[in-house]
Amino acid sequence: MEKKKELGLYIHIPFCERKCNYCDFLSAAADEGTKAAYVEALIKEISSYRYLAAEYRISTIFMGGGTPSTLTEEELVRIMESVKKVFQIEDCYLSGEKAFKGLPMEGYIEATIEVNPGTVSKDKLHRLKAAGLNRISMGLQSTDNKDLKLLGRIHTYETFLDTYKAAREAGFENINIDLMSALPWQSLQNWMEVLENVISLRPEHISAYSLIIEEGTPFYEKYSEVSFDDELDRTMYWNTVERLKAAGYGHYEISNYALKNRECRHNISYWIRKNYLGLGLGASSLIENKRFHNEENLKKYLEQAGVADSLQKEVELLDKKQQMEEFMFLGLRLMKGISSAEFQKFFGSTIESIYSLPIEQSVREGLLSEENGQISLTAKGIDLSNTVMARFLL
Ligand code: SF4
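With this note's numbering as the guide, the letters of the sequence shown map in order to residues 76 to 469.
What follows is the structure, given as C-alpha cells:
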C-alpha cells in the first residue's frame, strides 16, 4: 500500500485570559459558553476534512493561540480525540518522545501545545500527555517580573517556574520557552540575565524574538515614537547566538535554538513549504500550493464551521513564480539555507537560471554564502535579512 503524504496540523485556539500590551494576534478573552461553542465548531471543522485523510497522514500537530491551555482539559482532550478519529496519525503516536532517544525522527509525531504559565495544573498536564501531546511551548518572554508587568503578562516568573516544574513532573521531555528581547526599557545586561536564567533550566528549545511594536496595540500608543536602538538590538541578538551556542543549543533558524534533535519539526515544515492544514479561527493553510486562511470573524466561524469550503478565504493557487519566491525567502530563514539541487528538483530549472543576479550580488556584498550547493545567510545577511529576502521577489 502506498504511504500517505505528510500533513502538519495547526489548531488555533483564539482565547486568552486577557490581552497582553504588545499583542496583535487573533486572540481575545471569552466566557466559558463561547469557548464551548468554539470547541464544538472546531470538531465539526476537523470532521469536514475527512476527505483529506484518504491522502494524508498527520506528522506534526501544533495547538497554538491565543492560549490553548485556557480551554478545560476535557475540551482539549476532545479536540485531540476528534483529530485521531478523522486522521491517521504517524506510528508511535503516544510515545513520540522516544524519537529523541536516538531513534530516527521519521515516523514519529511531534504534537505541541502552547501553554501559558499558571493556566495548567500537573493533573491537567498529565491528561494532555495521555491524549498524545508530547511537546509544550511556554510563553515566558522574560524572567524579570518588572518586564512581565509592563508587557501585561498574566504571570510572574515564579508562576512560570511552578508550571515548568509541573510539566517536567508530568513527563514532558520536550519543552520550548519563548523569550522576547529589545523591550523599550531593557538593557543588554537585563536581557543576558534573562537568558542565563532560562539556560539554567535546560529547556530543549528556545525561541528568542525582538519585540515588534504593532499598530493597534497599547504599546503602539506608548512606544511607537521611541524606536529601539538598532545597534543594541543587534548586540542583544549576537550575544544570544553566542551564549546559546556555548550552552549547547544549535542555532537552526534566525530566532530559534534547540538541543540536538529537538528542532521544532512543525515550524520547520512552514519554512520548507510542506503541506499543512490550519484549523480554527483565521488559521492559514498550504496544501499542494494552495494557500488560504479561515474566516477571522468568530461569529461567522461558529456559524459555518461544518462547511470547510465556506470558511476558506483568499484561496490562491500559487504559480511557479510565487512558489520559487517562497522557497527562497522562507528557506533562507533556516541557518542551513536552501539547496540548489532541491530547487532544481522542485522547479525543473537551475537556481542560477532564475536567481543568478540576486545571488551573485548578495554573495559579493557578503550577505549570502554558497558552499557545496547550499546557499545561506551570512552573519551580515542575518542583520539585513529583509533586504536579502526582498531580492528574491521576481
Ligand atoms: S498570551 Fe499570547 S496570544 Fe494571548 S494576548 Fe498574550 S501574547 Fe497575545
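For each residue, glycine too, the CB sits at the ideal point set by N, CA and C.
Length of the line joining the Cα atoms of residue i and residue j
i	j	result
I343	N220	32 Å
H201	F247	9 Å
Q379	Y131	24 Å
P192	L146	14 Å
K79	H341	18 Å
I229	I426	48 Å
K110	N249	28 Å
R93	A103	7 Å
A358	G214	20 Å
D253	L270	11 Å
S437	S431	10 Å
L169	S428	Reliability fails at L169, whose pLDDT of 43 lies under 50, so the model's placement of it is uncertain and no value is given.
E115	H87	13 Å
S415	R439	18 Å
A205	P143	17 Å
I274	A186	23 Å
D384	N369	9 Å
M267	G83	34 Å
Which listed residue (the options) has its alpha carbon closest to that of residue i
i	options	result
N331	M138, Y131, I457 and V190	I457
I347	E244, F402 and Y284	F402
E189	I164, K224, L223 and I136	I136
A245	R228, K159, L203 and L276	L203
L127	E391, M399 and V161	V161
N251	T142, I281, E445 and S414	I281
A241	Y232, S217, K199 and L270	K199
A465	E400, K335, E363 and S424	E400
L454	L407, F418 and Y430	Looking at the sequence shown, residue 454 is not Leu but Ala. Comparing Cα positions, the closest option is L407.
I362	Q387, S275, M213 and F90	Q387
F90	E107, N96 and L82	E107
I413	I184, A104, I434 and K396	I434
F235	N265, E338, I211 and K365	I211
L354	G139, M267, T238 and L334	G139
E371	S360, L101 and D384	L101
T218	G207, L356 and Q264	Q264
T292	V273, V316, A206 and Y97	Y97
Y113	L151, I133, Y232 and L82	L151
V463	F422, F418, F421 and F404	F404
S123	E148, V158 and S134	V158
T194	W266, R153, G141 and G83	G141
A257	L286, R277 and T231	L286
I164	L468, S134, E156 and L409	S134
Reduced DSSP secondary structure (H/G/I, E/B, other) of residue i
i	result
S444	strand
A105	coil
V382	coil
F247	coil
I329	coil
S123	helix
V390	strand
R366	strand
R153	helix
F90	strand
S484	Residue numbering for the chain in the displayed model covers 76 to 469; residue 484 lies beyond these limits and cannot be assessed.
F467	coil
F137	strand
Q261	coil
N220	helix
K78	coil
T147	coil
V301	coil
A206	coil
L178	Below a pLDDT of 50, predicted positions are generally treated as unreliable, and L178, at 45, falls in that range; no measurement from the model is reported.
V438	helix
A322	coil
Strand pairing of residue i, partner residues [DSSP]
i	result
V190	M213
Q449	S414 and E446
H201	H201 pairs with nothing; no bridge assigned.
D253	G214 and S282
T292	According to DSSP, T292 bridges with nothing at all.
G470	What is shown of the chain runs 76 to 469, which leaves residue 470 out entirely.
E185	T135
L409	E328
I164	I133
Whose CB is closer than 6 Å to a heavy atom of ligand 1? List the residues in chain order. C91, K94, C95, C98, F100, S102, G140, G141, T142, N191 and G214
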